[in-house]
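For reference, the structure discussed in these notes is given below.
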Amino acid sequence: MSNSVVLKIDNLESYYGPIMAIRGVSLEVRQGQIVTILGANGAGKTTLLKTISGVMTPAKGTIELNNEPIAYLEADRIVKKGLVHVPEGREIFPLLSVYENVIIGAYTRNDKKQIAADLEMVYNYFPILKERGKQKAGTLSGGQQQMLAIARGLMSAPKVMLLDEPSLGLSPLLVEEIFTILKRLNKEQGVTMLLVEQNARVALEVADYGYVMEIGRIVMADDAKKLAASKDIQAFYLGVSEAGERGQKRYKQRKTWR
Amino acid sequence: MDFWQLAISGLANGSVYGLIALGFVLIYKATEAVNFAQGDFMMMGAFITIWLTNEQYLGFSFWLAIPLAILIMALLGYLLDVVVIRRMFGQPQIAVIILTIALGFIIRFAAGAIWSHEPQLLETPFAGREVHFGGLVLGFEEVAVIIVTLLLTMFLFLFFKKAKLGKAMQAASQNQLAAYYVGIPVKRIQSLVWALGGSVAAVAGILFASKGAVDPSTGLLGIKAFAAAVIGGFGSLPGALIGGLIIGLIEPFAAYGLPAGYSQVAPYALMLLVLIFRPAGLFSQMHKKKV
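Residue numbers (the working numbering), protein chains in the order written: chain A, 52 to 309; chain B, 2 to 292.
Here it is in structure tokens:
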């Protein structure tokens, strides 16, 4: 844990209209880590990512990227500073070609040589995208669109990559494939990632550190291995069921944080 | 011979409709707002050019007046977005529509107050020249209008195909949220699209004024251009141009073959037919999102 902190969030609050969706979240992501945020539907995970990437404006709190404040900036400035958000549900540009989609990820950059090198690197991890380069992106399958969204994010040469539910709507085999690639990117290219997932099992497998979010708050934070071993996480996020002493159902019990 | 004469003048008119329709579609695609003042933009572009170049006003050289007029209209389009339209963000679409309709009225009366309601003609260096082509006698202006429209369309095509800014405009129109995520400054891009819409309107106005007189109510033919955009499939650039050409072609032939009164209805009748049988337009670019 000696690596420097790349992304530091302190006491962040954010509203969806009148609803307070993020209620004072603080967290840290260190260089080269994969950090995961677990949580059920409506816990505020996506809102948190949107607030970090500047698509939503926070109401309160600070966000620092390499000790530089980035909260309240426009989204495009934040991408330029090195934080990219790979959104959930494969938000691609359907009528542009696959190649154009990938290359537009480098919109904020001007160093042609490095962009070309990064394109090679990205194609290396996602050979299918090179193969389908000329095709319209809207004609790709769901899994390929998810790969395209990740590849597009990589093209901005991010210091931190926010990933929102890369497993959404994909078959178990594809989930496995995508997470293997993410892990490789992290190990081989040193890409730091903040990963939001409902699929806690795969997320905890690849992550170094994890946070658990419920109704807008962080309720638990620990090393991914310890989280995976925790009884609460096993029962509520990993679906491990155990019979209690009197065979009573787990839902009658209280979580440790409540 | 009659046929070709009618066809050429129809194509020339249609080019102007097509260019206005192009403005409609450009702005609609990028910002999801319909600019009902696009026809009045065209009229204003025409009057600004007249003001710059005609002897009775400033009397600049024709070749200086054209880029100046295009630049002024681009600037006006840009400012309109920054100052007015952007504030409407989050309001229902109908609010923007009413706003642009009102804006059309304002432009019309302002133009009347500044340049009077008299029809005026743009003084061009090639007024009255004729082009002889295989037995046809064509007005130089009509041929120029068609050629300029073709060139402008080609330029726009290449701009959207090759230029980084053009790609960003396409991206922002196809998926605004994703455009934010990849770091495209969406708001600035939208203002630039309004600027582009303004300059295309200026070109349409210059072309229109060089082949016929304009007065402040000329902008009302924006409605015809709207019909053209609908026929082409609102949202398709080539569709808008072709829709304009179709309407331009129908008019002279309808006037030739149908009793007076019916011929003016022909473009709208066609629009109705297209809406009934191909509701998405002739060249629709629809895309269903995969879940």
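Built from N, CA and C at the ideal position, the CB exists for glycine as well.
**OP:** At 8 Å on the CB atoms, spell out the chain A contacts of residue 307 of chain B, in chain order.
**Re:** Since the first and last residues shown for chain B are 2 and 292, residue 307 of chain B lies out of range.
Original post:
Do residue 131 of chain B and residue 212 of chain B have their CB atoms nearer than 7 Å?
Top reply: On the second sequence, position 130 is the one that residue 131 of chain B refers to. On the second sequence, position 211 is the one that residue 212 of chain B refers to. Result no, Cβ atoms of residue 131 of chain B and residue 212 of chain B do not sit closer than 7 Å.
Original post:
Using the beta-carbon of each residue, which ones in chain B are nearer than 7 Å to residue 159 of chain A?
Top reply: As a first step, residue 159 of chain A must be located in the first sequence, where it is residue number 108. Near residue 159 of chain A (Cβ distances below 7 Å), the residues of chain B are 184.
**OP:** Could you please tell me which residues of the stretch 160-171 of chain B, in chain order, have their CB closer than 9 Å to any CB of chain A?
**Re:** 165, 168, 169 and 171
Original post:
If you draw a straight line from the alpha carbon of residue 4 of chain A to that of residue 112 of chain B, how long is it in whole angstroms?
Top reply: Residue 4 of chain A is absent from the structure shown; chain A starts at 52 and stops at 309.
**OP:** Establish whether the CB of residue 291 of chain B and some CB of chain A are separated by less than 7 Å.
**Re:** On the second sequence, residue 291 of chain B is found 290 positions in, with the first residue counted as 1. Confidence at residue 291 of chain B is low in this model, with a pLDDT of 42, below 50, so its placement is unreliable and the value that follows should be read with caution. Yes, its Cβ sits closer than 7 Å to a Cβ of chain A.
Subject >> residue 239 of chain B - DSSP class collapsed to helix/strand/coil >> reply: On the second sequence, position 238 is the one that residue 239 of chain B refers to. Three-state DSSP puts residue 239 of chain B in a helix.
Subject >> Limits of the unbroken alpha helix (DSSP H) element including residue 45 of chain B >> reply: If you number the second sequence from 1, residue 45 of chain B lands on position 44. 39-54 is the extent of the alpha helix (DSSP H) around residue 45 of chain B.
**OP:** Indicate the three-state DSSP secondary structure (helix, strand or coil) for residue 183 of chain B in the structure shown.
**Re:** On the second sequence, residue 183 of chain B is found 182 positions in, with the first residue counted as 1. Residue state, collapsed to three classes: coil.
Subject >> DSSP three-state assignment for residue 1 of chain B, whether helix, strand or coil >> reply: No statement about residue 1 of chain B is possible, as the shown extent of chain B runs from 2 to 292 and does not include it.
Original post:
Excluding five sequence neighbours on each side, which residues of the same chain lie with their C-beta closer than 7 Å to the C-beta of residue 283 of chain A?
Top reply: Here residue 283 of chain A corresponds to residue number 232 of the first sequence, with the count starting at 1. Cβ within range, chain order: 306 and 307.
**OP:** State yes or no: is the beta carbon of residue 269 of chain B nearer than 7 Å to at least one beta carbon in chain A?
**Re:** Taking the second sequence and counting its residues from 1, one reaches residue 269 of chain B at position 268. No, residue 269 of chain B lies away from the interface with chain A (no Cβ there is under 7 Å from its Cβ).
Original post:
For residue 267 of chain A, which residues from the same chain have a beta carbon less than 6 Å from its beta carbon, with the 5 sequence-adjacent residues on both sides left out?
Top reply: Here residue 267 of chain A corresponds to residue number 216 of the first sequence, with the count starting at 1. Closer than 6 Å at the Cβ level, and outside the excluded window around residue 267 of chain A, lie 72, 73, 74 and 95.
Original post:
Got a sec: which bits of the stretch 123-136 of chain A sit with their beta carbon under 9 Å from any beta carbon on chain B, in order along the chain?
Top reply: 125, 126, 127, 128, 129, 130, 131, 135 and 136
Original post:
Are the C-beta atoms of residue 175 of chain B and some chain A residue less than 7 Å apart?
Top reply: By 1-based counting over the second sequence, the position of residue 175 of chain B is 174. Interface residue, yes.
Original post:
For the stretch 218-248 of chain A, which residues have a CB atom closer than 9 Å to at least one CB atom of chain B, in sequence order?
Top reply: 220
Subject >> Straight-line gap, residue 245 of chain B to residue 231 of chain B (C-alpha atoms, nearest Å) >> reply: Here the question's residue 245 of chain B lines up with position 244 in the second sequence. Here the question's residue 231 of chain B lines up with position 230 in the second sequence. Distance between the alpha carbons of residue 245 of chain B and residue 231 of chain B: 10 Å.
Original post:
Going along the stretch 21-38 of chain B in order, which residues come within less than 9 Å of chain A, judged by CB to CB distance?
Top reply: none
**OP:** Examine chain C for any beta-carbon lying closer than 7 Å to the beta-carbon of residue 103 of chain A, and answer yes or no.
**Re:** Protein chains in the displayed structure are A and B, and chain C is not among them.
Original post:
Using a Cβ-Cβ distance under 7 Å, would residue 179 of chain A count as near chain B?
Top reply: Here the question's residue 179 of chain A lines up with position 128 in the first sequence. By this cut-off, residue 179 of chain A is not an interface position.
**OP:** Show which residues of chain B have a CB atom less than 9 Å away from the CB atom of residue 156 of chain A.
**Re:** Translated into positions along the first sequence, residue 156 of chain A becomes position 105. What residue 156 of chain A touches in chain B: 183 and 184.
Original post:
In whole angstroms, what separates the C-alpha of residue 84 of chain A from that of residue 80 of chain B?
Top reply: Counting from 1 along the first sequence, the entry for residue 84 of chain A is found at position 33. Counting from 1 along the second sequence, the entry for residue 80 of chain B is found at position 79. Distance between the alpha carbons of residue 84 of chain A and residue 80 of chain B is about 45 Å.
Subject >> Residue-level contact to chain B via CB, residue 205 of chain A, 7 Å cutoff >> reply: Taking the first sequence and counting its residues from 1, the one referred to as residue 205 of chain A is at position 154. No - not a single Cβ of chain B is within 7 Å of the one on residue 205 of chain A.
Subject >> Any chain B beta carbon closer than 7 Å to residue 146 of chain A >> reply: Working through the first sequence from its first residue, we reach residue 146 of chain A at position 95. Yes - at least one Cβ of chain B is within 7 Å of the one on residue 146 of chain A.
Original post:
With 16 as the cutoff for other CB atoms within 10 Å, does residue 278 of chain B come out buried or exposed?
Top reply: By 1-based counting over the second sequence, the position of residue 278 of chain B is 277. Classification for residue 278 of chain B: exposed.
Subject >> Whole beta strand (DSSP E) elements within the stretch 193-277 of chain B, 3-residue minimum >> reply: none
Original post:
residue 321 of chain A touches chain B at which residues, Cβ-Cβ below 8 Å?
Top reply: Outside the displayed span of chain A (52 to 309) sits residue 321 of chain A, for which this structure offers no information.
Original post:
Using a Cβ-Cβ cut-off of 6 Å (strictly less than) and excluding sequence neighbours within five positions of residue 137 of chain B, which residues of its own chain qualify?
Top reply: Position 136 of the second sequence holds residue 137 of chain B. Once the five neighbours on either side are set aside, the close Cβ partners of residue 137 of chain B are 5.
Original post:
Around the C-beta of residue 106 of chain B, are 16 or more other C-beta atoms found within 10 angstroms, so that it is buried, or is it exposed?
Top reply: Here residue 106 of chain B refers to the residue found at position 105 when the second sequence is read from its first residue. Residue 106 of chain B should be labelled exposed.
**OP:** Take residue 262 of chain A as the anchor and find which of A:56, A:77, A:62 and A:132 has the nearest alpha-carbon.
**Re:** Here residue 262 of chain A refers to the residue found at position 211 when the first sequence is read from its first residue. Taking only the C-alpha atoms, the option nearest residue 262 of chain A is A:77.
**OP:** Assuming residue 264 of chain A and residue 90 of chain A form a contact by the criterion Cβ under 8 Å, report the distance between their Cβ atoms to the nearest whole angstrom.
**Re:** Along the first sequence, one-based indexing puts residue 264 of chain A at 213. Along the first sequence, one-based indexing puts residue 90 of chain A at 39. Between residue 90 of chain A and residue 264 of chain A the Cβ distance is about 4 Å, and since that is below 8 Å, they are a contact.
**OP:** Could you tell me if residue 125 of chain B is buried or exposed, where buried requires 16 or more neighbouring beta carbons within 10 angstroms of its beta carbon?
**Re:** As a working mapping, residue 125 of chain B is identified with position 124 in the second sequence. The residue in question, residue 125 of chain B, is buried, as its Cβ has 16 or more Cβ neighbours within 10 Å.
Subject >> Nearest to residue 48 of chain B (by Cα), restricted to the options B:247, B:120, B:15 and B:28 >> reply: Within the second sequence, the letter at position 47 stands for residue 48 of chain B. Looking at the Cα atoms, B:120 is the closest of the given residues.
Original post:
Under the rule that 16 or more other beta-carbon atoms within 10 Å means buried, what is residue 85 of chain B, buried or exposed?
Top reply: Reading the second sequence from its first residue, position 84 is the one you call residue 85 of chain B. Answer is exposed; the Cβ neighbour count stays below 16.
Subject >> Beta-carbon proximity of residue 180 of chain A to residue 136 of chain A, cut-off 7 Å >> reply: Stepping through the first sequence from its first residue, residue 180 of chain A is reached at position 129. Stepping through the first sequence from its first residue, residue 136 of chain A is reached at position 85. No, the pair does not count as a contact, with Cβ atoms beyond the cut-off.
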